[in-house]
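First the structure, in the form of structure tokens, and then the observations on it.
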Amino acid sequence: MNIATLVQISIGAILINNFVLTRFLGLCPFFGVSKKLSSALGMGMAVIFVMSVASMFSWIIYNYVLIPYNVTYLYTIIFILVIASLVQLVEMTLQKFSPNLYDALGIYLPLITTNCAILGVAVLNTVTEDYNFLESIVNGISSGIGFTLALVLMAGIRGKLELANIPKTLAGLPIAFIAAGLMAIAFLGFSGLNFFQSIGG
Amino acid sequence: MLKEELKRGIITENPILILALGLCPALAVSTSLKNGFGMGVAATFVLTCSNLIISIIKKLIPDRVRIPCFIIVIATFVTITQLVMKAYFPDLDKQLGIFVPLIVVNCIILGRAEAFASKNNIIHSLVDGIVMGLGFTVSLCILSTIREILGSNKLLGLTFLPGFKPMTLFILAPGGFFTIAFVMGIVNAVRQKNKVENA
């Protein structure tokens, strides 16, 4: 266990392999709720929260249930069930114990079940990358932060686009795609950030 | 009837280019025609089978838990697809990577289950699954052909134009966004022109 690996994972997840702009995960909410800054922030917070809890539970289930019983091929079904029930559980807990937070995040929570970024982070942690428990949680949280960063930036840009004079055929979604493409070019620049390479490989 | 259904799936209600559903796989795997086509076929299979099963069992599913039930049916077919792909097309499986399990959360499939298969009879749901899947596959093929030609100067692995210097940007993430933006723009332009002519 070393701190440098964790820092490397989190910088990797936030900037270098940003979930939305590099890995193409979670595009539906990215274009769906990026029209207003406040809703973008709410969605982002909900995603960070569910992502970290989901990476925790999916890691435990994968390593302590699926591997010992040799049924790893069932991971897709199990993970989506875990995520769907977690979202439900989080929703009920928030409603009971923190009504304020529930009011703020409430409408975004049901949408999260079908956000491919959540299932994506669960699969990446266990099947693809084989992280340990702590690394999975760090990856979950930082992927959520990366998602929020992209979403909030996009909301800011779309706010300006509302006022801009755009050709009629490109108005709406196409121009948002172009803006996202330009952001993705900027994020490509981060791929040079491999200052931990000597440690992490 | 079949012709109208086909027109609906591929042109008027094209899932990617008109309804903007299922964007993640559409952008992520459209780096080459082979990947795009493979993804399209896999998603079509899952969509058709889940539409069929859901329309058969729609009366048994209680209304309140219908979404989890749909997701389990879909996840089952995705797992079947994953296993078949691993066994017979290991290269494609490696290329598509994480996006094969992610077919589960493809909004097109859940969307069709909720909006169509849970309300219509078996034959109609089956046809709807096939035409919507075809629409998805066709748009993936369009996107991936453009990206493969511009980004690596190849088509299906063969050199397209000798001497043309490929723009690597188009097989990277930004190229995906630009390609879909301009294809959608062209679709919009054609639709607006048709509207003016019909009016």
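Line by line, the protein sequences are chains L and C.
Be aware that the first sequence starts at 1, since it is given in my numbering, and climbs by one per residue.
Be aware that the second sequence starts at 1, since it is given in my numbering, and climbs by one per residue.
A virtual CB, placed ideally from N, CA and C, is assigned to each residue, including glycine.
Show which residues of chain L have a CB atom less than 8 Å away from the CB atom of Ile-11(C). Against the second sequence, residue 11(C) aligns to sequence position 11. Chain L residues near Ile-11(C): none, gap ~17 Å exceeds 8 Å.
For chain L, is any of its Cβ atoms less than 9 Å away from the one on Phe-178(C)? Taking the first residue of the second sequence as position 1, residue 178(C) is located at position 178. True, the Cβ-Cβ gap to chain L drops below 9 Å.
Going by beta carbon distance, what residues of the same chain come within less than 6 Å of Gly-38(C), once the five residues before and after it are set aside? By one-based count along the second sequence, residue 38(C) stands at place 38. Sequence-distant partners of Gly-38(C) (beyond 5 residues in either direction) whose C-beta falls short of 6 Å from its own C-beta, in its chain, are Leu-92.
Kindly list, in the order they appear in chain L, the residues whose Cβ is closer than 7 Å to that of Gly-185(C). For the purposes of this step, residue 185(C) is identified with residue 185 of the second sequence, where counting begins at 1. Neighbours of Gly-185(C) on chain L, chain order: Thr-169, Leu-170 and Pro-174.
Please state the DSSP three-state secondary structure of Asn-14(C). Numbered from 1 along the second sequence, position 14 holds the residue referred to as residue 14(C). Coil, per DSSP.
Only counting the same chain, and skipping five residues up and downstream in sequence, which positions put a Cβ closer than 6 Å to that of Ile-199(L)? Position 199 of the first sequence, counted from the first residue, corresponds to residue 199(L). Confidence at Ile-199(L) is low in this model, with a pLDDT of 43, below 50, so the placement of that residue is unreliable and no value is reported for it.
What's the gap between the Cα of Leu-110(C) and the Cα of Pro-162(C)? By one-based count along the second sequence, residue 110(C) stands at place 110. By one-based count along the second sequence, residue 162(C) stands at place 162. Distance from the CA atom of Leu-110(C) to the CA atom of Pro-162(C), rounded to whole angstroms, is 43 Å.
Residues bridged to Lys-154(C) by DSSP? The sequence position of residue 154(C) within the second sequence is 154, counting from 1. Looking at the DSSP output, Lys-154(C) bridges to Thr-159(C).
Note down, in chain order, every chain L residue with its Cβ under 7 Å from the Cβ of Leu-172(C). Reading the second sequence from its first residue, position 172 is the one you call residue 172(C). Leu-188, listed in chain order.
Closer than 9 Å, CB to CB, is Ile-77(L) near chain C or not? One-based indexing of the first sequence puts residue 77(L) at position 77. True, the Cβ-Cβ gap to chain C drops below 9 Å.
Mapping DSSP to helix, strand and coil, what is Arg-191(C)? The residue labelled residue 191(C) in the question sits at position 191 within the second sequence. Assigned with DSSP and collapsed to three states, Arg-191(C) falls in helix.
Can you tell me whether DSSP reads Val-33(L) as helix, strand or coil? As a working mapping, residue 33(L) is identified with position 33 in the first sequence. Residue state, collapsed to three classes: coil.
9 Å is my cut-off, CB to CB: does Thr-48(C) come that close to chain L? Along the second sequence, read from residue 1 onward, the residue named residue 48(C) stands at position 48. No Cβ of chain L is located within less than 9 Å of the beta carbon of Thr-48(C).
Can you find a CB in chain C that lies within less than 9 Å of the CB of Ile-11(L)? For the purposes of this step, residue 11(L) is taken as the residue at position 11 of the first sequence. Not flagged as an interface residue toward chain C: Ile-11(L), since no C-beta distance is shorter than 9 Å.
Measuring straight from C-alpha to C-alpha, what distance separates Gln-8(L) and Val-131(C)? The residue you call residue 8(L) lines up with position 8 of the first sequence. The residue you call residue 131(C) lines up with position 131 of the second sequence. Near 45 Å, if we compare the C-alpha coordinates of Val-131(C) and Gln-8(L).
Listing by chain order, which chain C residues have their CB less than 8 Å from the CB of Leu-119(L)? Here residue 119(L) refers to the residue found at position 119 of the first sequence. Within chain C, the residues near Leu-119(L) are Pro-101, Leu-102, Val-104 and Val-105.
Determine the burial state of Ser-144(C): buried for a count of at least 16 other Cβ atoms within 10 Å of its Cβ, exposed for fewer. Position 144 of the second sequence, counted from the start, is the residue given in the question as residue 144(C). Classification of Ser-144(C): buried, given that the 10 Å Cβ count is 16 or more.
Which two residues bound the contiguous alpha helix (DSSP H) that contains Ser-55(C)? Counted from its first residue, the second sequence places residue 55(C) at position 55. Segment 33–57, the alpha helix (DSSP H) holding Ser-55(C).
Residues, ordered as in the chain, of the region 153–166 of chain C that lie near chain L by beta-carbon distance below 8 Å: Cβ contacts with chain L come from no residue of the region 153–166 of chain C.
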